[in-house]
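Please read the structure below before turning to the comments.
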Amino acid sequence: MSKIRHFAVATQDPEKSARFYEEAFGFVRVGLLQDHPLGEGVFLSDGTVNLAFIAFSTDQTGHGTDFVGAHHIGILVQNSQEVIERAEALGAVRIEENASNSDAQFEMKFRAPDGSVFDIAGTPWVGAESLDG
Numbered sequence: 000m001s002k003i004r005h006f007a008v009a010t011q012d013p014e015k016s017a018r019f020y021e022e023a024f025g026f027v028r029v030g031l032l033q034d035h036p037l038g039e040g041v042f043l044s045d046g047t048v049n050l051a052f053i054a055f056s057t058d059q060t061g062h063g064t065d066f067v068g069a070h071h072i073g074i075l076v077q078n079s080q081e082v083i084e085r086a087e088a089l090g091a092v093r094i095e096e097n098a099s100n101s102d103a104q105f106e107m108k109f110r111a112p113d114g115s116v117f118d119i120a121g122t123p124w125v126g127a128e129s130l131d132g
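Heads up, the sequence shown stops at 132 in numbering that gives the first Met the number 0, and the numbers go up one at a time, no gaps.
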């Protein structure tokens, strides 16, 4: 079974947002997104899920780059190509594909038929548990 292993929150101040969740809940800082076309951000983890706070520089949701709140989920899958084909057959539309050397940590970003946005990845996000874990 595929697993949710990434949750992204759009924020105007990733550092401030991350500090709050570190201090309030004890989440651990596991990475940074810097000088990237997607934007700037901070990655935290609870040991199972990667929680990203990102100031997006592109509008992937249709809410604008000043939007703050739940942005997208990331789903870790066993066979990326199989799931990508199934998602597209069900009406999902590709928004973005990452090069294999990208530090964005996902393979494909999609818009589901309902307008929600999700990532598909074959390898865990930094700080996220594997499918075996």
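Virtual Cβ for every residue (Gly too), placed ideally from N, Cα, C. None of these values were measured; they are calculated from a predicted model.
Buried or exposed: Val92, going by 16 or more other Cβ atoms within 10 Å of its Cβ? Taking the first residue of the sequence shown as position 1, residue 92 is located at position 93. Classification for Val92: exposed.
Would you call Arg4 buried or exposed, if buried means 16 or more other Cβ atoms sit within 10 Å of its Cβ? The residue you call residue 4 lines up with position 5 of the sequence shown. With 16 or more other Cβ atoms within 10 Å, it is buried.
Let me know the secondary structure DSSP gives Phe19 once reduced to three states. As a working mapping, residue 19 is identified with position 20 in the sequence shown. Phe19: helix per DSSP, three-state reduction.
C-alpha gap between His62 and Phe55, whole angstroms: Taking the first residue of the sequence shown as 1, we reach residue 62 at position 63. Taking the first residue of the sequence shown as 1, we reach residue 55 at position 56. One C-alpha to the other measures close to 11 Å.
Any beta strand (DSSP E) of 3 or more consecutive residues that is wholly inside the stretch 48-74: Secondary structure in the stretch 48-74: the beta strand (DSSP E) runs of 3 residues or longer, each lying completely within the stretch, are 49-55 in chain order.
The beta strand (DSSP E) with Ser44 in it runs from where to where? Counting from 1 along the sequence shown, the entry for residue 44 is found at position 45. Residues Gly38 to Ser44.
Of the choices Val29, Ala51, Thr57 and Phe52, whose alpha-carbon is the least far from that of Pro36? In the sequence shown, counting from the first residue as 1, residue 36 sits at position 37. Measuring from the Cα of Pro36, the nearest candidate turns out to be Thr57.
Grab the span of the alpha helix (DSSP H) containing Ala9 for me, first residue to last. On the sequence shown, residue 9 is found 10 positions in, with the first residue counted as 1. Here Ala9 belongs to no alpha helix (DSSP H); instead the beta strand (DSSP E) covers Lys2 to Ala9.
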